[in-house]
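Reading through the structure tokens given below for one structure.
Residue numbers (this note's numbering): 30 to 367.
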């Protein structure tokens with residue numbers, strides 16, 4: 030049965046006198062660094078982007094290049110993007126590692142698919158939040174914490190788990206719970222959700238929106254009903270606490286009858302087979318090789334796909350509905366850009 034670690038499993042004294050180097054002050058690096066510092070951990074930051082580096086320094090962090098950080102800190106959190114990580118590791122981190130150091134990743138991708146191979150004399154750990162970077166900070170500040178997957182991939186010192194759990198406690202994930210998992214499984218599950226569940230969900234919502242608009246419903250009403258109102262988010266939030274069926278049982282009897290009696294309509298064997306193919310591609314390393322080729326090609330296919338989606342008129346109607354419902358919203362600035 031999977032192990033779930035919580036606050037009582039962590040001893041933050043394991044980090045006393047051990048400065049933690051955070052490489053990358055971006056979507057996840059910044060929340061991790063802030064949470065660690067607020068938990069009393071000494072943090073030093075490395076960031077290549079000048080604007081982010083300036084932000085880190087303005088927020089009171091000592092900063093240093095990644096190679097210097099690797100020499101000064103015995104615990105390193107590697108929080109740059111998956112595609113940038115191997116080069117940063119190879120050129121700046123790896124040559125400066127010492128016996129007994131610990132490398133901690135937020136994604137198992139590069140280790141699982143062989144793009145990073147740590148030397149046998151260092152510990153290797155994983156703290157992989159199951160939420161967005163912004164929520165990592167928000168839920169630390171609220172006290173509720175956030176769920177993560179956690180793993181030790183290599184225990185050279187025999188002390189990897191105490192150090193990793195101390196880090197997990199300091200970033201706030203143990204307040205909610207951290208589920209132990211193997212590196213390979215985290216990478217596989219993460220990619221599967223990205224490539225099978227999210228595309229299926231987007232396709233269902235977009236198809237429903239198109240059909241309802243073509244049937245004469247005003248776009249702003251359609252998008253409000255489907256997801257802009259937050260009802261779908263609230264439903265999934267209930268499912269996250271009590272399960273999908275229990276959440277459905279909290280809807281009206283009309284809703285329950287409509288859903289339970291029509292489940293079989295959407296029992297699509299083609300969809301199941303597409304998901305099986307997706308999982309097979311991930312396990313075989315086909316997607317990892319495809320993504321490496323795409324990065325080397327300056328994201329040509331990704332740019333083309335983004336351009337194609339931007340031309341879809343449905344999203345213009347969606348944006349008009351968003352502007353109507355949320356006229357005072359803040360602009361989204363937490364987007365991964367090419």
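Even glycine gets a Cβ: it sits at the ideal position worked out from N, Cα and C.
As the structure is a computational prediction, the values presented were derived from the model and not from experiment.
| Asked | Found |
| --- | --- |
| Leaving out five residues on either side along the sequence, give the residues of the same chain with a beta carbon under 6 Å from the beta carbon of residue 44. | 70 and 195 |
| Within its chain, find whatever has a CB closer than 6 Å to the CB of residue 382; leave out the 5 residues flanking it on each side and keep chain order. | This structure gives no information on residue 382, because the portion of the chain shown stretches from 30 to 367. |
| Tell me the rounded alpha-carbon separation between residue 88 and residue 118. | 26 Å |
| According to DSSP, is residue 243 part of a helix, a strand, or is it coil? | helix |
| Helix, strand or coil: how does DSSP classify residue 210 here? | coil |
| Nearest-angstrom Cα distance between residue 103 and residue 136? | 20 Å |
| Can you round the beta-carbon distance between residue 171 and residue 202 to whole angstroms, since I take them to be within the 8 Å contact cut? | Residue 171 to residue 202, Cβ: 13 Å. No contact. |
| If contacts are defined as beta-carbon pairs under 8 Å, then residue 85 and residue 54 qualify, I think. What distance do you get, rounded to the angstrom? | 5 Å |
| Quick one: what's residue 154 bridged to in DSSP? | 133 and 181 |
| Where does residue 313 sit, in a helix, a strand or coil, going by DSSP? | coil |
| Quick test of the definition: if touching needs 3 or more C-beta pairs under 8 Å, does the segment 243-262 touch the segment 186-194? | no |
| Taking its Cβ as the centre, do 16 or more other Cβ atoms sit within 10 Å of residue 126, making it buried, or is it exposed? | buried |
| Between the segment 222-241 and the segment 156-163, can you find at least three pairs of beta-carbon atoms closer than 8 Å? | no |
| Does the distance from the CB of residue 57 to the CB of residue 162 come in under 9 Å? | yes |
| Rounding to the nearest angstrom, what Cα-Cα distance links residue 294 and residue 139 in this structure? | 40 Å |
| Do residue 34 and residue 173 have their beta-carbon atoms positioned less than 9 Å apart in this structure? | no |
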